[in-house]
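In full-length UniProt numbering, the protein residues as written are 1 to 139.
In this text, a Cβ means the ideal position worked out from N, Cα and C, and glycines have one as well.
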DNA sequence: GCCAACGTTGGC
DNA sequence: GCCAACGTTGGC
C-alpha cells in the first residue's frame, strides 16, 4: 500500500466536510497541476493519505482512504484533469503541525516541508509511521 | 497583507 | 526550445 498527503484550504474544503461526505467518500476535485494529477493516477484502491489543512491551522488533521481510481474531474471540461475519490477514515488524535514536522529530522525530506506548493504528495512508509506516532496513532 | 517559491504561458 | 513575465500558492 502506498501513502499520500492531500492539502486543502479549510475555507474551500475542510476535514469536517470530508467526514460529512461519509463512507462512500467524495471526489477530490480542483487539482490543476500535472505533478499532483500524476500522483493521483498512481493511486490504488485502499491507499491511504494524510489530510492537511493549509493556511488556517497548517496541520495534518486526519486520515483518508482512496475509494476510486483516478477518473475525469467532474468540475473540469478538460479531460486532462483527473481525480480520485476519498473517504475520511479517522481523526488525528493530536493534529501534527507543519512546525512540528519541520522540527523532526525524520521528516526533513517530506514534500510537505520541502515543496509546500504541491497539493497531492507522496509520503514514504517511514514518514507515514513517524507522523502517525506524533499524532497519537498506531499507523 | 506581504512576498518568496514555484509552475505555466507565450514571444522569440 | 529557451527564458522572461506573469499568476498562484501558502507560510509568515
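Go to residue i, then tell me how far its beta strand (DSSP E) extends in each direction, as first and last residue.
i	result
residue 131	Unbroken run through residue 131 is the alpha helix (DSSP H), 125-135; no beta strand (DSSP E).
residue 88	82-97
Give the DSSP-derived three-state secondary structure of residue i in the structure shown.
i	result
residue 45	coil
residue 29	coil
residue 70	strand
residue 7	strand
residue 16	helix
residue 65	strand
Take residue i and list the residues in its own chain whose beta-carbon comes closer than 7 Å to its own, dropping the five residues that flank it on each side.
i	result
residue 19	88
residue 180	Lying outside 1 to 139, the shown extent of the chain, residue 180 is not represented and no answer is given.
residue 113	101, 102, 107
Between which residues of its own chain and residue i is the CB-CB distance below 8 Å, once the five residues before and five after are set aside?
i	result
residue 135	60, 92, 93, 94, 95, 96
residue 73	27, 29, 30, 31, 81, 82, 83
Could you check how far apart the C-beta atoms of residue i and residue j are, in whole angstroms? I think they sit under 8 Å.
i	j	result
residue 119	residue 7	5 Å
residue 127	residue 85	Not confirmed; about 24 Å, so no contact.
residue 3	residue 125	7 Å
Hey, quick one: how far does the alpha helix (DSSP H) through residue i stretch, first residue to last?
i	result
residue 118	No alpha helix (DSSP H) contains residue 118, which DSSP labels as neither H nor E.
Between the Cα of residue i and those of the options, spot the shortest distance and give me the residue it belongs to.
i	options	result
residue 16	109, 51, 77, 121	51
residue 54	129, 117, 72	117
residue 121	22, 73, 77, 42	42
residue 40	71, 58, 111, 10	71
residue 77	38, 62, 32	32
residue 1	46, 69, 83	46
residue 9	99, 56, 37	56
By Cβ distance below 6 Å, which residues in the same chain neighbour residue i in space, the five residues on each side in sequence not counted?
i	result
residue 65	48, 87, 89
residue 67	25, 85, 87
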